[in-house]
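Everything in the sequence shown is counted per the numbering used here, starting at 1036 for the first residue and increasing by one.
Below is one structure, written out as structure tokens, with a few remarks after it.
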Amino acid sequence: MRDGETVVADDGTEVGALQTSVASLISDFQNARASRELLDQHVGRDVARQALSSGTQLGGQTRFVAVLFVDLVGSTTAVSTMRPAEVVAMLNKFFNIVVSVVDRHRGFVNKFVGDEALVIFGAPQFRADAATAALVAARELVDELADMPNIKVGVGVAAGTVLAGNIGSAERFEYTVIGDPVNEAARLTELAKKEAGSILASSYAVSFASEEEQVHWATGDLVTLRGRTKLTRLAWPRRGALADT
């Protein structure tokens, strides 16, 4: 069944009936596997497994997570000068790198919105090294995206407590995270677009990372990010840290 073998019912006796039953079983297994793979692609492996094992319901749980936002710079201008097929090809290549890096560090790509992606580390599966994984992924991501010509990004990383769960209505909902770290990461991304290194994190997120990861980051001034009253101390990769992963 795992190898996709088929059974041909070519016997009119009880053996033929058994062949038919086995063929039906294999077909059901293959259809279920295809549905599972499709579900994994659309909502993510961890979310799909949680839904299949525990069911789905609105609401969520309080979790400590690390949040990573990545956004293309100047994509609006690029879209106005490119054909739709070229835009799609560019975005697919961009998101392919994002997904590859995030999967490598067992993160969860929560959603694609236009030319940006929201990535979560620490939900739906809890992990103690969420901040470390997010910061390493951010550095690797910018390093790998540097190979794409005419592409510049902004990456923001924050950490903190969020509500993680299914948001929406009983007919249509999605698994996502709600909380201040999401907003903070988004605002850090806006600032990061203007920085030479293309990455900004909160020093709070860095403080939860491993000692091995913390040495790659420098901290700076306290700033007030747009739409927030709480101050954020900025952190960014030290010189040479992008390739040193």
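Note that beta-carbon positions come from the ideal geometry of N, C-alpha and C, so glycine has one too.
I need the straight-line Cα distance from residue i to residue j, nearest angstrom please.
{"i": "TRP1252", "j": "LEU1277", "result": "10 Å"}
{"i": "VAL1217", "j": "ALA1193", "result": "7 Å"}
{"i": "VAL1134", "j": "THR1259", "result": "31 Å"}
{"i": "ALA1236", "j": "LYS1228", "result": "12 Å"}
{"i": "PHE1147", "j": "PHE1208", "result": "16 Å"}
{"i": "ASN1127", "j": "ASP1150", "result": "10 Å"}
{"i": "ALA1166", "j": "PHE1129", "result": "23 Å"}
{"i": "SER1204", "j": "GLY1142", "result": "26 Å"}
{"i": "PHE1161", "j": "ARG1098", "result": "8 Å"}
{"i": "GLU1247", "j": "ILE1234", "result": "18 Å"}
{"i": "VAL1172", "j": "ARG1274", "result": "For the sequence presented, residue 1172 should be read as Ala rather than Val. Whole-angstrom Cα-Cα distance: 17 Å."}
{"i": "GLU1284", "j": "THR1264", "result": "Nothing about residue 1284 can be reported from this structure: the residues present for the chain run from 1036 to 1280 only."}
{"i": "GLY1079", "j": "LEU1153", "result": "With a pLDDT of 44 at GLY1079, under the threshold of 50, the predicted position of this residue should be treated as unreliable, and no value is reported."}
{"i": "GLU1225", "j": "GLY1191", "result": "8 Å"}
{"i": "LEU1223", "j": "ALA1120", "result": "31 Å"}
{"i": "SER1242", "j": "VAL1250", "result": "11 Å"}
{"i": "ALA1244", "j": "ALA1163", "result": "9 Å"}
{"i": "VAL1105", "j": "SER1238", "result": "18 Å"}
{"i": "MET1117", "j": "VAL1136", "result": "27 Å"}
Kindly give me the distance between the Cβ atoms of residue i and residue j, rounded to whole angstroms, as I take these residues to be in contact under 8 Å.
{"i": "ILE1155", "j": "VAL1212", "result": "6 Å"}
{"i": "THR1267", "j": "GLU1219", "result": "6 Å"}
{"i": "LEU1024", "j": "VAL1188", "result": "With the chain covering 1036 to 1280 only, the question about residue 1024 has no answer from this structure."}
Please state whether the Cβ-Cβ distance between residue i and residue j is less than 8 Å.
{"i": "ALA1101", "j": "ALA1270", "result": "no"}
{"i": "LEU1103", "j": "ALA1169", "result": "yes"}
{"i": "PRO1272", "j": "GLY1214", "result": "no"}
{"i": "GLY1195", "j": "TYR1210", "result": "no"}
In the DSSP assignment, find the unbroken alpha helix (DSSP H) run with residue i in it and report its ends.
{"i": "LEU1302", "result": "Given a span of 1036 to 1280 for the chain in the structure shown, any question on residue 1302 remains unanswerable."}
{"i": "ILE1213", "result": "Unbroken run through ILE1213 is the beta strand (DSSP E), 1208-1213; no alpha helix (DSSP H)."}
{"i": "VAL1188", "result": "Note, VAL1188: premise wrong, no alpha helix (DSSP H); beta strand (DSSP E) at 1188-1203."}
{"i": "VAL1136", "result": "1119-1139"}
Can you tell me where the beta strand (DSSP E) holding residue i begins and where it ends?
{"i": "VAL1144", "result": "1143-1148"}
{"i": "LEU1277", "result": "Run containing LEU1277: none; DSSP gives neither H nor E here."}
Cβ of residue i versus every heavy atom of the ligand MN: is any distance shorter than 7 Å?
{"i": "PRO1159", "result": "Annotation note on the ligand MN: not contained in the displayed structure, which lists no ligands."}
Taking Cβ positions only, does residue i come closer than 8 Å to chain D?
{"i": "PRO1119", "result": "No chain D is present in this structure, which holds just one protein chain."}
In chain order, what are the residue ranges of uninterrupted alpha helix (DSSP H) at least 4 long that sit wholly in the segment 1223-1266? The DSSP assignment places 1238-1242, 1246-1249 as complete runs of the alpha helix (DSSP H) inside the segment 1223-1266, in order along the chain (cut-off: 4 residues).
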